[in-house]
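Q: Questions regarding the structure given below will be posed in turn.
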Amino acid sequence: MAPNVVLVTGVSRFLGGHLAARLAADPSIERVLGVDTVPPPRDLLRRMGRAEFVRADIRNPLITKVIGSARVDTVVHASVTANPAGPTGRTAMKEMNVIGTMQLLAACQRSAVVRRLVIKSTSAVYGASSRDPAMFTEDMAPKELPSSGYAKDAVEVEGYVRGFARRRPDVAVTTLRFTNFIGPRIDTVLTRYFALPIVPTVLGYDARMQLLHSEDALAVMERATQHDLPGVFNVGGDGVLMLSQAIRRAGRVALPVPSMAVPTVGRLVRSARLVDFSPDQMRFLNFGRVVDTTLLQRDFGFTPRWTTTQAFDDYVSGRALRPTIDADTLAAAERSILDFAARIPIR
Amino acid sequence: MPDARVIPLHADRPVPRTTTPSRPRMEQVPPPADTTGATPAETSPLWERRLADTLAFLRRRITGDYQVDEFGFDRELTDNVMMPLLRPLYEKWFRVETIGLHNVPSDSGALLVANHSGTLPMDSVMTAVAVHEHHPANRHLRMLGADLVFRTPMLSSIARKTGQTLACNPDAERLLRGGELVGVWPEGFKGVGKPYKDRYKLQRFGRGGFVSAALRTRTPIIPVSIVGAEEIYPKIGEIKLIARLFGLPYFPVTPTFPLLGPLGAVPLPSKWYIEFGEPIRTDQYEPGAAEDPMLVFNLTDQVRETIQQTLYRLLTQRRNVWLG
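Chains as they are written, first to last, in the numbering used here: chain U, 1 to 347; chain Y, 348 to 671.
Right, dumping it as structure tokens:
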């Protein structure tokens with residue numbers, strides 16, 4: 001059944017905002033409400049077209065009124081985020097993620113009209129450790145529960161969502177566990193990390209990374225909003241890039257740091273306002289993580305258009321990253337060496 | 348020089364070449380304009396083609412233009428760097444002889460189960476070389492390693508890149524379902540770190556996790572018996588304190604280590620035999636068989652007994668540790 005009135009949280013960020021814009025472009029949807037604490041940037045607001053922006057805090061019980069009075073039938077919770085708003089944003093981010101979700105779910109539980117709930121979660125709920133299996137399926141539990149940061153928030157959020165699904169079995173709940181986003185338009189910790197001219201890595205480890213193009217992420221969210229597809233799904237692009245390989249593809253230079261010095265370097269990079277890493281993201285860059293997307297393709301009915309490698313290449317070319325090591329220079333050097341070799345009369 | 352100007356007008360009738368046109372012909376070509384180095388002509392000498400290949404390989408590595416699978420297995424790196432490095436050790440140092448390599452399938456999944464020995468897991472590396480270099484299908488052995496391997500810096504990334512993964516049932520089953528050859532050493536540290544006096548005595552075979560993986564994926568189990576690996580680093584003692592300090596399962600003392608320092612890391616040149624036994628089929632059991640502990644125990648014992656018997660047989664045939 002197609003949704004009538006959709007409420008999207010976190011519309012001043014990339015995923016929520018662009019999703020609201022896509023939904024607003026669909027004439028079969030009567031109303032699209034976007035909620036966030038800060039208004040979206042102007043260009044995003046323009047894109048959102050007929051979608052209405054409601055400046056509200058989902059941590060406030062007021063959200064119940066919004067859902068009730070607008071007769072919202074589909075709620076898309078896209079505001080759970082890994083990117084803190086500012087230098088002091090980490091505590092606020094946790095508040096927003098966990099308390100916000102609790103309030104939103106409470107409001108949904110009150111409403112008799114809500115019949116579909118889409119949650120943007122993350123594959124970070126699987127943690128990252130040396131004892132991980134090569135690929136996580138949806139039914140696997142993390143080897144070590146994430147102890148802090150975004151991953152822990154997401155684990156708690158998913159816990160509340162499971163509780164909600166038990167209490168309201170009539171609501172179709174879709175939980176989407178996204179791998180890291182990448183793309184020319186989106187701004188995340190990872191896109192800022194690869195834009196560093198010298199990229200610090202953990203010495204002696206090479207993480208396996210699975211990425212998802214931001215456009216694919218939007219398409220998945222849109223599909224989940226428009227169709228009844230209850231369940232938990234891993235969402236990620238096909239294939240794997242090694243961290244070292246990704247750095248090379250971006251033409252960056254890796255700086256391996258002994259694992260003992262990693263926290264110090266992380267703090268330095270953060271205090272220089274370059275990239276704000278949380279400990280669980282550092283664990284991801286140490287051990288990596290790959291998820292099995294069989295359920296996404298078979299039951300959810302979606303195959304990402306970009307593979308991990310294609311998504312990453314699109315990011316590199318879209319951002320016009322000036323490579324430190326240029327592929328063309330290398331190819332030219334290779335040619336000149338071979339030209340020279342051809343002239344040496346050794347047979 | 349009339350020979351160089353010949354233009355074949357009758358293309359259907361090949362002009363018989365009278366002289367070998369190696370040197371004079373090449374010198375007629377104006378060097379800078381015509382030779383586009385990236386695609387060396389057929390006529391260019393072997394070393395030039397090798398150089399071109401090497402440079403192209405290096406360029407692909409530097410620009411990240413290669414593929415890895417979900418496990419982090421880097422086929423190109425394994426084939427071009429790792430295997431050539433190990434080949435001399437396999438052929439010249441241990442002079443490994445394989446028996447029954449035809450028992451390893453060419454295009455389907457199988458679980459290779461072997462005895463573990465030698466203080467350092469050189470036996471697993473050599474088995475992988477045997478399967479890759481001497482099997483007609485040049486298959487890659489995907490081995491299951493202890494989590495210590497994936498916790499240790501350097502070792503963890505090398506292990507992933509050469510196709511190894513953590514010894515756990517989801518990974519083993521995923522590889523077997525994908526039709527890969529999976530290698531497992533169920534004795535683990537108990538086997539590889541046993542004292543020299545216990546050589547060729549199989550230790551306990553874990554909890555039979557490998558058997559249930561084979562049963563669930565209905566792939567055959569191939570018992571592999573390795574003779575010679577016990578003698579490479581004869582472990583005559585251990586230092587518990589250092590092992591505990593670094594979180595290692597053991598810190599070995601061999602006749603040369605730590606007495607001679609880094610020189611003690613040179614393995615003794617024993618002569619090796621690797622026998623790949625008859626496959627044990629698992630596809631005649633019903634689907635739920637992996638849930639039957641008795642069957643799993645029995646199969647585990649059967650595999651263990653087969654390997655132990657083969658080891659004894661190979662040992663009676665061996666006349667000398669170093670010469671075979």
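Even glycine gets a Cβ: it sits at the ideal position worked out from N, Cα and C. Quantities reported herein were computed from a predicted structural model and do not represent experimental measurements.
(1) Just checking, does the segment 207-219 of chain U make contact with the segment 229-247 of chain U on the three C-beta pairs under 8 Å criterion?
(2) Interface residues of chain U around Y:M501 at Cβ under 7 Å?
(3) If you draw a straight line from the C-alpha of Y:A514 to the C-alpha of Y:S559, how long is it?
(4) Between the Cα of U:S259 and the Cα atoms of U:H77, U:F14, U:V202 and U:V155, which residue gives the shortest distance?
(5) Could you tell me which whole alpha helix (DSSP H) segments of length 4 or greater appear in the segment 279-309 of chain U?
(6) Go ahead and pull the three-state DSSP assignment for U:R47.
(7) Can a CB atom of chain U be found closer than 9 Å to the CB of Y:E417?
(8) For Y:T383, count the other beta carbons within 10 Å of its own beta carbon; 16 or more makes it buried, fewer makes it exposed. Which is it?
(9) Does any residue of chain Y have a CB that is nearer than 9 Å to the CB of U:T137?
(10) Quick check on this structure: which residue in Y:D630, Y:S617 and Y:L549 has the alpha carbon closest to the alpha carbon of Y:T653?
(11) Are the CB atoms of U:F312 and U:D187 within a distance shorter than 9 Å?
(12) If we cut at 9 Å on Cβ distances, does U:G318 have a partner in chain Y?
(13) For Y:N462, does the count of other Cβ atoms within 10 angstroms reach 16, so buried, or fall short, so exposed?
(14) Could you run through the segment 117-137 of chain U and flag, in chain order, every residue whose CB is less than 8 Å away from some CB of chain Y?
(15) So, helix, strand or coil for Y:E438, using DSSP?
(16) Applying the 10 Å Cβ sphere with the 16-neighbour rule, what's the burial state of U:F284?
(17) Using a Cβ cut-off of 9 Å (strictly closer), state whether Y:W394 contacts chain U.
(18) What beta strand (DSSP E) runs, 3 residues minimum, are completely inside the segment 26-108 of chain U?
(19) Using a beta-carbon distance below 9 Å, is Y:P368 in contact with chain U?
(20) If I'm right that U:M348 touches U:L19 with Cβ under 8 Å, what's the distance once you round it to whole angstroms?
(21) Could you run through the segment 313-342 of chain U and flag, in chain order, every residue whose CB is less than 7 Å away from some CB of chain Y?
(22) Return the residues of the segment 236-259 of chain U that lie within a Cβ-Cβ distance of less than 9 Å from chain B, sorted by chain order.
(23) Anything in chain U within Cβ reach of Y:R498, meaning under 7 Å, just list it in chain order.
(24) Hey, would you say Y:L607 sits closer than 9 Å to Y:V529, going by beta carbons?
(25) In chain U, what lies closer than 7 Å to Y:S504 by C-beta?
(26) Whole angstroms is fine: what's the gap from Y:F604's alpha carbon to Y:L467's?
(27) Since Y:A399 meets chain U, which of its residues come closer than 7 Å, beta carbon to beta carbon?
(28) According to DSSP, which residues form a beta bridge with Y:Y620?
(29) Anything in chain Y within Cβ reach of U:V371, meaning under 9 Å, just list it in chain order.
(30) Taking 8 Å as the cut-off, does the segment 621-639 of chain Y touch the segment 557-571 of chain Y (at least 3 CB pairs, one atom from each stretch)?
(31) Using a Cβ-based criterion (distance less than 8 Å to any ligand heavy atom), does U:A195 qualify as near the ligand GTP?
(32) Once the 5 residues before and after Y:F404 are set aside, which same chain residues still bring their CB inside 7 Å of it?
(33) Using C-beta distances below 7 Å, list every residue in its chain close to U:R343, excluding the 5 sequence neighbours before and after it, in chain order.
(34) Helix, strand or coil: which one does DSSP assign to Y:N427?
(35) Output, in chain order, the set of chain U residues within a Cβ distance shorter than 7 Å of Y:D494.
(36) Note down, in chain order, each residue of its chain lying with its Cβ closer than 6 Å to the Cβ of U:P304, except the 5 sequence neighbours on either side.
A: With the given structure in hand:
(1) Yes: the two stretches touch, three or more of their Cβ pairs being nearer than 8 Å.
(2) What you label residue 501 of chain Y is simply residue 154 of the second sequence in a count that begins at 1. Y:M501 reaches chain U at G204, counting residues in chain order whose Cβ is nearer than 7 Å.
(3) Stepping through the second sequence from its first residue, residue 514 of chain Y is reached at position 167. Stepping through the second sequence from its first residue, residue 559 of chain Y is reached at position 212. Near 13 Å, if we compare the C-alpha coordinates of Y:S559 and Y:A514.
(4) Here the question's residue 259 of chain U lines up with position 259 in the first sequence. Of the listed residues, the one whose Cα sits closest to U:S259 is U:V202.
(5) Correct list: 279-287.
(6) In the first sequence, counting from the first residue as 1, residue 47 of chain U sits at position 47. It is helical.
(7) The count along the second sequence starts at 1 and reaches residue 417 of chain Y at position 70. Yes, Y:E417 counts as interfacial toward chain U.
(8) Working through the second sequence from its first residue, we reach residue 383 of chain Y at position 36. Legend: pLDDT at Y:T383 = 45, less than 50; position of this residue unreliable, no value from coordinates given.
(9) Here residue 137 of chain U corresponds to residue number 137 of the first sequence, with the count starting at 1. Interface residue, yes.
(10) By one-based count along the second sequence, residue 653 of chain Y stands at place 306. Here the closest residue by C-alpha is Y:L549.
(11) To locate residue 187 of chain U, count along the first sequence from 1; it is residue 187. To locate residue 312 of chain U, count along the first sequence from 1; it is residue 312. Against a cut-off of 9 Å, the Cβ pair of U:F312 and U:D187 comes out as no contact.
(12) As a working mapping, residue 318 of chain U is identified with position 318 in the first sequence. No, its Cβ sits nowhere closer than 9 Å to a Cβ of chain Y.
(13) To locate residue 462 of chain Y, count along the second sequence from 1; it is residue 115. Per the 10 Å Cβ criterion, buried.
(14) If the cut-off is 8 Å between Cβ atoms, the segment 117-137 of chain U has S130, R131, D132, P133, A134, M135 and T137 near chain Y.
(15) What you label residue 438 of chain Y is simply residue 91 of the second sequence in a count that begins at 1. Three-state DSSP puts Y:E438 in a helix.
(16) Along the first sequence, read from residue 1 onward, the residue named residue 284 of chain U stands at position 284. By the C-beta density criterion, U:F284 is buried, having at least 16 other C-beta atoms within 10 angstroms.
(17) Position 47 of the second sequence, counted from the start, is the residue given in the question as residue 394 of chain Y. Chain U contact via Cβ: present.
(18) DSSP runs (the beta strand (DSSP E)) wholly in the segment 26-108 of chain U: 31-36, 52-55 and 74-77.
(19) Position 21 of the second sequence, counting from 1, holds the residue named residue 368 of chain Y. Unreliable placement is indicated for Y:P368, whose pLDDT of 41 sits below 50; the coordinate value is still reported in the next sentence. So no, Y:P368 is outside the interface.
(20) Any answer about residue 348 of chain U is impossible in this case: the structure gives chain U only from 1 up to 347.
(21) Taking 7 Å as the Cβ-Cβ cut-off against chain Y, the residues of the segment 313-342 of chain U that qualify are I325, A327, L330, A331, E334, R335, I337, L338, D339, A341 and A342.
(22) Among the protein chains of the structure shown, namely U and Y, there is no chain B.
(23) Position 151 of the second sequence, counting from 1, holds the residue named residue 498 of chain Y. Those within 7 Å of Y:R498 in chain U are S130.
(24) In the second sequence, counting from the first residue as 1, residue 607 of chain Y sits at position 260. In the second sequence, counting from the first residue as 1, residue 529 of chain Y sits at position 182. No, the Cβ-Cβ distance between Y:L607 and Y:V529 is not below 9 Å.
(25) Looking up residue 504 of chain Y in the second sequence gives position 157. In chain order: G204, Y205 and D206.
(26) What you label residue 604 of chain Y is simply residue 257 of the second sequence in a count that begins at 1. What you label residue 467 of chain Y is simply residue 120 of the second sequence in a count that begins at 1. Y:F604 and Y:L467: Cα-Cα distance of roughly 12 Å.
(27) Here residue 399 of chain Y is taken as the residue at index 52 of the second sequence, counted from 1. Those are L338, listed as they occur along chain U.
(28) For the purposes of this step, residue 620 of chain Y is identified with residue 273 of the second sequence, where counting begins at 1. Residue pairing of Y:Y620 in beta bridges, as defined by DSSP: Y:E444 and Y:V574.
(29) Shown here, chain U extends from 1 to 347; a query on residue 371 of chain U therefore has no answer.
(30) Contact holds: three or more Cβ-Cβ distances are below 8 Å.
(31) The ligand GTP is not among the ligands present in this structure, which contains no ligands whatsoever.
(32) The residue you call residue 404 of chain Y lines up with position 57 of the second sequence. Excluding residues within five positions, the ones whose Cβ falls inside 7 Å are N427.
(33) Translated into positions along the first sequence, residue 343 of chain U becomes position 343. No residues qualify anywhere along the chain.
(34) Residue 427 of chain Y sits at position 80 when you count from the first residue of the second sequence. Three-state result, Y:N427: helix.
(35) Walking along the second sequence from the start, residue 494 of chain Y turns up at place 147. Chain-order list of chain U residues neighbouring Y:D494: S130 and R131, by C-beta distance under 7 Å.
(36) On the first sequence, residue 304 of chain U is found 304 positions in, with the first residue counted as 1. Closer than 6 Å at Cβ, skipping near neighbours: D216 and G237.
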